[in-house]
Structure formats: C-alpha cells, structure tokens
Ligand code: GLC
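Numbering (the numbering used here), first residue to last: 19 to 595.
Encoded structure:
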C-alpha cells in the first residue's frame, strides 16, 4: 500500500499539471497502478541501492554493437563485455532496444517489447544482472507505426488525444528546434501532427493524462526488467504550448517530479537521468531542488569544451567553466561523457564559447573528416547543432595523419577526474575511427560514429598488441580501473579547480570521510613542461605524493605547492601517501 503522503504528493503533481478536477480522477488510477506494481515487485520497494559511487563507470552501447552468427546480439554483447572489460566497467547504457522504425531505435513502435532482432527480455535481464543497467525511455514521441498512433489515426476514441493535432496556420515560430525537419507533419485527412524530431517520430500529447499514465506504466515496466537507471530521452520537449519556446515548460518539470515521486515510492534507488541537449544553464534546471527531479543530468558542455581545449592547447575556458560547477544535493550529480551515439552537441556551449570559437571547432572537426548536423532557427536560417565524428578523430589536430592516443587518453582522464558518473561510448573505448562509408551509405551523417562490428573482426584487431584499438582499450581501461579504486573519485567528493596555467587542466578531488584528496593534472598543450600550483585544499607540507597512474613519487613544498614534471599530454593523478 502506498502511504497517504505519497498519494497526496501524486495528487499535488497531477493538480499542478491538469488542475484539481482531472487530478481527482487520475490520482486513484495512478495509485492503483503503483500498488499493483509494488505487490508484484516487493523486492524493489525495499531495495537498499546506493545511488552512485566511485565504481560507477558506464559504457554507452547499442544492443547489436557486436554480432556473431546464430546468437542474439544482446547475448553476444553481454559475453563480449565480460570477456573484454571484466568488471572494470560497472554500468551499461543500452541504447533503445525496442522495435523501432528509424533513428537507430529512437522511433519506438512498441515500448514493451525487445526488438526480436536483438534478443528478448531475458537477455536484457542478463545484462542487468552483470551491470547497473540504464535503459532508454524514449517518451517524448513514438514511431508513426506505433499502435497508439495507428489507433489515433483510425479515430479510436481510446486514443483520441494521444497525439497533438495542430492547425498548420498556427504561429509556431517561437518553438525551439533541434532539427531542420518540419515541425508539423501532415497525415491523411489533412490532420497535421507535431513532430519535433522527424516525420516518423510523432510527439505524444501529455495534456492527456491517459498518456502520462500509459508512459508511467512503460517506465515501471523497464524497472521491472532490471533497469536501475532511466534515461529520459529528449525530455525537455515533453509539454508544448504554442506561442512559447515549447521547451522546459513548468509542466515538463512537474511531470519529472511526478516520476521521481513514483520511483522513490515503489523502486527507490532508481535513478532518473534527463537528456536535454541544451545550453548548460538550462540543462542544470533539471536537478530541481536536488531531491525532487533528476538524480543525474547529462553534462553536455564537457564534450565540446574538452575538444576546444585540446584544439587550442589552452585550458582557460574549461577551467573557468569547471570552477562554476555545482550540484544541489548529495543525491545529484552529472552524467559526464565525451562522446555518445549522437554528435558532439554545440548548443551546450552557448554562452561559454564565443561564436568564433564554435566556428573554429566546426572547421577543425570537418577538416578531420567529421560532419555537421544543423537545426532550424526561428528566422528560417539554420545553425550548427552537432559535430558528427568519433571523438578520436575529432581530437586530431591539423596536419596529423594518425590519431594521437596520448591526447585521447588525456581527454578521457579529464572526464574520469571530474565529479559525476562518467560514461564512455563504445566507439571511444574500442578506438574506432570515423565510419564515413557507413554514413554515406545510410545517407545520414550521424552514422559516422555508429559502426557495428562482427565479433570475429573486432577481436582479430584487438588481438594485435600494436593495433590502435588494443592500445586505446588497454590505456582507457587502466585509467578507469584507477578511478574506481579511489574514494576521491566518488561523484559526491568535493571538486576544486587548480590553476597551473593555460597549458594544463587540474582539479583536486577531496572525499568527505577524511580520506586523502587527489590532485589530477592533465597537459592539454602537447608540450612537455612543469606543473606548479598550490591546491586550495592544503596538502601536508613537505608530504609525499604518489602518482596513481605510474606509481612515481613527488614532493610537496613547505607551503603546499605541487611542482611536478608533466610530459606532453601527460596525466598525473597525485594522492598523498
Ligand atoms: C535524443 C537521442 C537522439 C534522438 C533524439 C530523439 O537526443 O539521443 O539520438 O535522435 O533524442 O529521440
């Protein structure tokens, strides 16, 4: 049974979104759904799950990332990850594994099923038994082939308001767009529907409480199948009100708060992760008060900022920005990453990088074989939305032929040193290059970093100790393993930026429990030199520091200054002995 307190909180959320009358009708239905779930999954209500800790490192992967004949790809994936990562990576973000009709899984045609080409729910539960599993909740829209939409089209009264029908003469010029495709798509009988992402991804109509209940049931279903983290895909677009930007509206935040109350009640420890590829200051609003919205917010600014840092050989921007980072409570942290299945978003650095710095980034990445995807602006023009490239190639500098592995490892060391739950994309961990043929063949630039592999081919490349893939994998795994052993890398450990000059980026991480802090120093200039600075959290005068990366020992000066040599793209994670 839900407590009266939870029921009344649910009522308050619903009343804020729909008003008292609708809330009065909807609350009992929601409560009944949750009580039924709690009866069927009592173990989830009592689960004593830590939210996150320093062992949290997530691999972002497609379900069919690695294939072998005669085996469901999800089973192959689990086996492959166990063979090649052991337990070094503790979490998996499985990109949408549901039946879908486009956008590599993000046009879901059945929320409750596993794409039979990938496997079944048993395979998903198998992954969940080995890894902390994050499932994608693609809940802003459905595929145009989804039965809900088909019923809506057919005029089934049970689905009458499931989608947003809009008069095409409506002024929608103020709507924030992530794409250049038309916002409205005509269906038969001249009915136009709202399609934020593509004609095949039709936005759900959350002004209908039945939609909210149906989607809540979907989320609970994912938790029942073993998801301990839910990625709320494109959640900022959930609620629309023509005449506004139709992004981050108060109702959207209230719905996230409702889902938080739901999870806290029936499956505490289930983390909500909001995916909003928008300017940093907008993104962090999804932390809410620190206890009532997302636990984890995507740290979208880090990928382009890190890229700009290495291209310029200057960490000033990154340092200034990192110094402003904070989260509102111990229950919240960033979901940090450098690369994902998407491109490197450029909106998140609006207000952080100047337009000419962004233009330079675009030029640098396209010079290395990358591509650019655009979005529509209110005035009808288009602006760069994301850079399509694997991160390894995007980090390349002019004139280089081969990727610079030291630079790539240094960039990932920055990722792994910062406060947050870090995620590494499959293509990065396994040292992939741009897949231009794939993108050309598909006619979609995003495919450039979405290559899938035959297991035998990938393993043959990994078997060569000199291969790029082997070197990248070994070095990144070693760095990840180092991170997971240090309490100073708990996502909640304090973080302060250390200024050792423009050519390096350094942070000090200090755990709460009186354990040693770690000073993480990374060269971004590509020139060997010295790093000399005094961390804010005083190190013991004349103490000794051990470098967690290579075991070397270094001294601390009488006033707490650290003075160490730093090779080109070198990394030193220094802890007091
Ligand atoms: C998110 C996904 C992206 C997808 C979009 C629409 O941004 O990461 O891949 O295209 O949502 O679902």
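Even glycine gets a Cβ: it sits at the ideal position worked out from N, Cα and C. Remember, predicted model here, so these are calculated numbers, not experimental data.
- Answer with buried or exposed for residue 58, where buried requires no fewer than 16 other C-beta atoms within 10 angstroms of its C-beta. When all chains shown are included, residue 58 counts as exposed.
Inset, instruction - Tell me where the alpha helix (DSSP H) around residue 392 begins and ends. - result: Premise fails: residue 392 lies in the beta strand (DSSP E), 389-394, not in any alpha helix (DSSP H).
#### Entry: Residue interval of the beta strand (DSSP E) (run including residue 406)
That run of the beta strand (DSSP E) goes 400-406.
Exercise. Would you mind stating whether residue 516 and residue 542 have Cβ atoms separated by less than 9 Å?
Key: Contact flag unset, no.
Put residue 50 into one of helix, strand or coil per three-state DSSP. DSSP places residue 50 in helix when its eight states are reduced to three.
**Study point:** Close Cβ partners of residue 52 (< 7 Å) along its chain, the five nearest in sequence each way excluded
**Key:** 20, 280, 283 and 284.
(request) Could you please give the first and the last residue of the uninterrupted alpha helix (DSSP H) stretch that includes residue 456? (result) Taken as a continuous stretch (DSSP letters only), the alpha helix (DSSP H) holding residue 456 covers 454-460.
Run through the stretch 222-272 for me and flag every whole beta strand (DSSP E) of 3 or more residues, listed as ranges in chain order. The stretch 222-272 contains these whole beta strand (DSSP E) runs: 245-250.
**OP:** Excluding the 5 residues preceding and the 5 following residue 16 in the sequence, name in chain order all residues of the same chain whose CB lies nearer than 6 Å to its CB.
**Re:** Outside the shown range of the chain, which is 19 to 595, sits residue 16, and nothing can be said about it.
**Asked** Can the beta-carbon of residue 491 be found less than 9 Å from the beta-carbon of residue 523?
**Response** With contacts defined as CB atoms closer than 9 Å, residue 491 and residue 523 fail to qualify as a contacting pair.
Check: Hey, out of 408, 350, 444 and 252, whose CA is closest to residue 222's CA?
Finding: The residue among 408, 350, 444 and 252 with its C-alpha nearest the C-alpha of residue 222 is 252.
Coarse secondary structure for residue 539, derived from DSSP in three states:
Note: residue 539 maps to strand in three-state DSSP.
Closer than 8 Å: residue 219 CB and nearest the ligand GLC heavy atom: Placement of the Cβ of residue 219 at a distance of less than 8 Å from at least one heavy atom of the ligand GLC is found.
Quiz item: By DSSP, does residue 109 sit in helix, in strand, or in coil?
Solution: Collapsing the DSSP output to three states places residue 109 in a strand.
Note to self: Please identify the residue among 430, 64, 47 and 442 whose C-alpha is closest to the C-alpha of residue 235.
What the structure shows: When the alpha-carbon of residue 235 is set against those of 430, 64, 47 and 442, the nearest one is in 47.
- [ ] Would you give the residue range spanned by the beta strand (DSSP E) that residue 314 belongs to?
- [x] If you look at residue 314, you'll find it in the beta strand (DSSP E) that goes 314-316.
Notebook entry, point to check: Contact between the stretch 483-497 and the stretch 438-454: three or more CB pairs below 8 Å?
Noted result: Yes, the stretch 483-497 is in contact with the stretch 438-454.
*asked:* Please tell me whether residue 327 and residue 319 are closer than 9 Å, where the distance is taken between their beta carbons.
replied: In this structure, residue 327 sits away from residue 319, with a CB-CB distance that is not shorter than 9 Å.
field: Pair within 9 Å by beta-carbon distance, residue 75 and residue 498
entry: Taking C-beta atoms as the reference points, residue 75 and residue 498 count as a pair closer than 9 Å.
Using 8 Å for Cβ pairs, my map puts residue 133 next to residue 118. What's the rounded Cβ distance?
Right, their Cβ atoms sit about 7 Å apart.
- Message: Three or more C-beta pairs under 8 Å: does that hold for the stretch 166-180 against the stretch 224-233?
- Response: As far as the Cβ criterion goes, the stretch 166-180 touches the stretch 224-233, which means the pair count is three or higher.
Rounded to the nearest angstrom, what separates residue 459 and residue 465 at their Cα positions? When rounded, the distance between both Cα atoms is 9 Å.
Do residue 423 and residue 486 have their beta-carbon atoms positioned less than 9 Å apart in this structure? Taking 9 Å as the Cβ cut-off, residue 486 and residue 423 qualify as a contacting pair.
message: By the DSSP assignment, the alpha helix (DSSP H) with residue 409 in it spans what residues?
response: Segment 409-412, the alpha helix (DSSP H) holding residue 409.
Practice task
Let me know the secondary structure DSSP gives residue 205 once reduced to three states.
Solution key: Strand.
Next item on the list: Could you tell me whether the Cβ of residue 504 comes closer than 9 Å to any Cβ of chain B?
Entry: Among the protein chains of the structure shown there is no chain B, as only one such chain exists.
Just checking my contact of residue 354 with residue 436 at CB under 8 Å: how many whole Å lie between their CB atoms? Going by Cβ atoms, the distance from residue 354 to residue 436 rounds to 6 Å, so yes, they are a contact pair.
Q. Which residues in the same chain have their Cβ closer than 7 Å to the Cβ of residue 529, if we skip the five residues on either side of it in sequence?
A. Excluding residues within five positions, the ones whose Cβ falls inside 7 Å are 505, 506, 508 and 511.
Given a threshold of 16 other Cβ atoms within 10 Å of its Cβ, counted over all protein chains shown, does residue 311 qualify as buried or as exposed? Residue 311 is buried by the Cβ-count criterion.
Inset, instruction - Give the C-beta separation of residue 536 and residue 584 to the nearest angstrom, bearing in mind that I take them to be a contact with Cβ-Cβ under 8 Å. - result: Residue 536 to residue 584, Cβ: 16 Å. No contact.
Measuring only the C-alpha atoms, how far is residue 425 from residue 367?
A direct Cα-to-Cα measurement between residue 425 and residue 367 gives close to 21 Å.
Run of the alpha helix (DSSP H) containing residue 165, from where it starts to where it stops: Counting along the chain, the alpha helix (DSSP H) containing residue 165 begins and ends at 165-171.
Coil, strand or helix - residue 69 by DSSP | DSSP places residue 69 outside both helix and strand once states are collapsed to three, so it counts as coil.
Check: Measuring CA to CA, which of 346, 403 and 396 is closest to residue 373?
Finding: The shortest C-alpha separation from residue 373 is found at 403.
- Query: What residues in its chain sit with their C-beta under 7 Å from that of residue 262, if we drop five residues either side in the sequence?
  - Reply: Sequence-distant partners of residue 262 (beyond 5 residues in either direction) whose C-beta falls short of 7 Å from its own C-beta, in its chain, are 192.
So, is residue 307 buried or exposed, given that buried needs 16 or more other C-beta atoms within 10 angstroms?
Flag for residue 307 reads exposed.
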